[in-house]
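Counting from 1 along the sequence shown, just add 4 to a position and that's the residue number in our numbering.
C-beta atoms are modelled at their ideal positions from N, C-alpha and C, and glycine is treated no differently.
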Amino acid sequence: MSFRVSTPGVLAGLIVAFAASFVGATEPKDSASVATAIDRSLFGESVDSAAPLTDDSTFLRRVMFDIAGRPATPGEITAFGLNPSESRRTELVNELLKSSEYGENWSRYWRDAIFRRATNMRAGIVRPAFGDWMTSQLNEGQGWDEITTSLLTASGPVNNNGATALIFAHEGVAEEVAAEASRLFLGVQIQCANCHDH
């Protein structure tokens, strides 16, 4: 059985709104400058009020679960502990982001986020295609602007095109897809506007 999804036109506004958040964005020079910019954004000039850096074992546990979705192996614990480099944390993060585990782990997260509130009872049929598609997008280093645009504009057979997951999960109903996309990508709940005059 092949089901085709067509793109609802109302999503164009969401694409423009989401893409606009990337206007003026520049490539960070290094992770230290990014961390400093984030700290300044959160704490202003009083960066001293930020929490102190965690110890290496806590960092290793957290980063392994956050990026790879699993605990570190005994060999990884030993290798990290014996690494004398001052930039061993950055090196580990970069290594994990280049691993296939990164895409697999975060693909599972996005699969759960997209399908948890699906209104289409048949949405499960696109889960495998979505998992494969999202894993490859993440592991190939696609930007969130590209991934989001693909999810909001996808069309074609759902069993072959994992990008159709969001639209198919909500049966292509523009209001449902817009509400879910807004919740997922903008952190804004707009579904109340369907029933209430704001």
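Check                                                                                                                                                                                   : Outcome
Taking buried to mean at least 16 other C-beta atoms within 10 Å of its own C-beta, is residue 141 buried or exposed?                                                                   : buried
Label residue 182 either buried or exposed according to how many other C-beta atoms from any shown protein chain fall within 10 Å of its C-beta, with 16 as the threshold for buried.   : buried
Would you be able to state if there are at least three C-beta pairs under 8 angstroms between the segment 164–178 and the segment 128–137?                                              : yes
Does the segment 76–90 come into contact with the segment 102–111, if we say contact requires no fewer than three beta-carbon pairs (one atom in each stretch) closer than 8 angstroms? : no
How many Å lie between residue 203 and residue 155 at the Cα?                                                                                                                           : Given that the chain is displayed from residue 5 to residue 202, the structure contains no residue 203 and the question cannot be resolved.
Output yes if chain B places a C-beta closer than 7 angstroms to the C-beta of residue 163; else output no.                                                                             : Annotation note: the requested chain B is absent from the structure, which comprises a single protein chain.
Figure out for me which residue from 71, 102 and 61 has the closest Cα to the Cα of residue 82.                                                                                         : 61
Looking only at its own chain, which residues have a Cβ that is under 8 angstroms from the Cβ of residue 46, when we skip the five neighbours before and after it?                      : 54
Quick one: what's got a C-beta closer than 7 angstroms to residue 93's C-beta in the same chain, skipping five residues either side?                                                    : 63
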